[in-house]
Structure formats: C-alpha cells, structure tokens
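Before any comments, here is the structure.
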Amino acid sequence: MCQRPAPMIAPSILSADFANLADEIAKVGPSDVDPGVDWVHVDVMDNHFVPNLTLGLPVVESLLKATDIPLDCHLMITDPGRWAPAYAEAGAYNVSFHAEATDDPISVARDIRAAGGKAGLGIKPGTALAPYLDILSEFDTLLIMSVEPGFGGQKFMPEVLDKVRELRTKIDAEQLKLIVEIDGGIATDTIEQAAVAGVDCFVAGSAVYGGDDPAARVASLRALATAAR
Ligand code: DX5
Ligand code: ZN
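Residue numbers (my numbering): 1191 to 1419.
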C-alpha cells in the first residue's frame, strides 16, 4: 500500500542543553542497538522574524565538526537570501527558510542548491500553501509549522494537517520528490495523526530532549509514526 520510505525523525536541539550540544546530539546518534536519527534539526532565530534569539552560522559550523548526522537548519530569520546559502556552503544538509520572509523564494532556493544544500520552504500555521504549489520542484523539503515559530514546547495545531493532506495528495499524484516535514508540538500524542495525514519527517524538540533518555523517546516516536502509516 504505502510505498513511502520509513518516517524520519529530526530532534530539535532547541530543547537541548546549549552548553553541551555535541553531547546532546550524540545521545540521539547511532549506537550498537540503534541506527540513530535521520537529521538533527537546528533552529536559527534572529529576534526579528521571530521574537527569540538562538544561534547562527558559527555554532552550526562547530556542530558540523561534532557530528556526522545531517543537519536540518531551520532559518527563522528575515532576509534569508542574504544568509541562507552560507549554511549550505558550510555543509548543512538541508536549509529551510520561511516563505513569509522573502518575496523571491525561488532565487533563495536556487542559491541554497547552488551552494550544495537541499532547499526547504517553511510556512507558518496561518500561511496558505496554494501560492507555492506551482513551485514545489524548486524545493527538497516543505516545512509545515504546527506551532507559531519561535519557541519549543507549544501546543500542536491540528488544523495545519489540512495543508499536509493537500501536499501529500499533490506529491503522490505528480510523483514529486519532496519531503513533507512538520515542526511544532510533535509528541507521542500527536505524531500519529501527522503520520496519517502524510508527513515524512517529524521534528520534535521537547518530546525528545524534555526528559531522560532522548534515544528512547526517539524510538517511541518512530514506532508510533511507523505503525500509524
Ligand atoms: C519552533 C521551532 C521548533 C521547536 C519545536 O519555532 O521551529 O523546531 O524546536 O519544539 P517542540 O517540538 O517542543 O514543539
Ligand atoms: Zn524548527
């Protein structure tokens, strides 16, 4: 029935200990008993596009030296055309920027790809998908926010799943190569509905790093998403 690859889990280090990021990432990395997570999600916030400030390129460059897990950089910043390509150039695997932050998402995506990265388009909960449906081939991932961007630990907004379903239908009908990623409020009580709606890649911050044993928490999320499919 479902030909899609296994669900991907991308822990967000926003909820990790910022003084020990390399160790925190290693906790969800490969081990003798576990292949580890697919991506590590890195939230870049500039205190302009969102009312919060996190980290930027120098920290990402250090993380790239500290882990082999592909980094999924989520840029919640204004003027992504100016900053996004440098993340790809540095070696970030996927670089997502926000549709609301630019008038020219195609050129930003092309610059990211030209710099060697995968290009992702992020859309806030209130942003419609329709204007972007004809330019999906410019992107490798579509990051659907299921909370208002800016902070971890917020409540999942199930209404965004309509956009996930719409996107899934189009991707399947046209056999597009596009990863549907969801970000915000993903936990053991929400991941199944997102998986059923058609999400490929699940970002989870507080649900992974909000307690002991992040690897076990990843395993639970992965099992629920796989079963729900
Ligand atoms: C929020 C960030 C998310 C955040 C998710 O703006 O983009 O990646 O870390 O955190 P949780 O999983 O706790 O909602
Ligand atoms: Zn994020």
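C-beta atoms are modelled at their ideal positions from N, C-alpha and C, and glycine is treated no differently.
Burial state of Asp-1403 is exposed, judged by a 10 Å Cβ sphere holding fewer than 16 other Cβ atoms. Here Pro-1248 carries a helix assignment [DSSP, helix/strand/coil]. Distance from the CA of Pro-1348 to the CA of Val-1393, rounded to the nearest whole angstrom, comes to 15 Å.
One Cα belongs to Arg-1355, the other to Gly-1246, and the distance between them is close to 33 Å.
Ser-1327 and Val-1218 have their C-alpha atoms spaced approximately 31 Å apart. Of Ala-1274, Asp-1258, Thr-1257, the smallest CA-CA separation from Leu-1265 is found for Ala-1274.
Excluding residues up to 5 positions away in sequence, Ile-1267 lie with their Cβ nearer than 6 Å to the Cβ of Asp-1236 in the same chain. Counting C-beta pairs with one atom in each stretch, the stretch 1291-1305 and the stretch 1333-1343 have fewer than three that are closer than 8 Å, which means they do not touch.
Within the DSSP secondary-structure output, Ser-1202 pairs in a beta bridge with His-1231. Listed in chain order, the alpha helix (DSSP H) elements of length 4 or more contained wholly in the stretch 1266-1343 are 1270-1280, 1295-1304. Looking only at Leu-1333, Gln-1365, Lys-1353, Leu-1311, the smallest Cα-Cα distance to Ala-1318 is reached by Lys-1353.
DSSP places Asp-1362 in the helix class (H, G or I) of the three-state scheme. Within 7 Å of the C-beta of Phe-1341 there is at least one heavy atom belonging to the ligand DX5.
With 16 or more neighbouring CB atoms inside 10 Å of its own CB, Glu-1214 falls in the buried class. When C-alpha distances from Asn-1284 are compared across Ala-1406, Pro-1220, Pro-1260, the shortest belongs to Pro-1260.
For the set Glu-1382, Gly-1374, Ala-1417, Gln-1383, the Cα lying nearest the Cα of Ser-1396 is the one of Gly-1374. In the three-state reduction of the DSSP assignment, Val-1223 falls in the coil class.
Per the coordinates, the alpha-carbon of Gly-1310 lies some 7 Å from the alpha-carbon of Leu-1333.
Between the ligand ZN and His-1288, a heavy atom-to-CB distance of less than 7 Å is absent. For the 8 Å CB-CB criterion, Ile-1199 and Val-1386 do not form a contact. For the options Lys-1367, Arg-1419, Ala-1406, the alpha carbon positioned closest to that of Glu-1382 is the one of Arg-1419.
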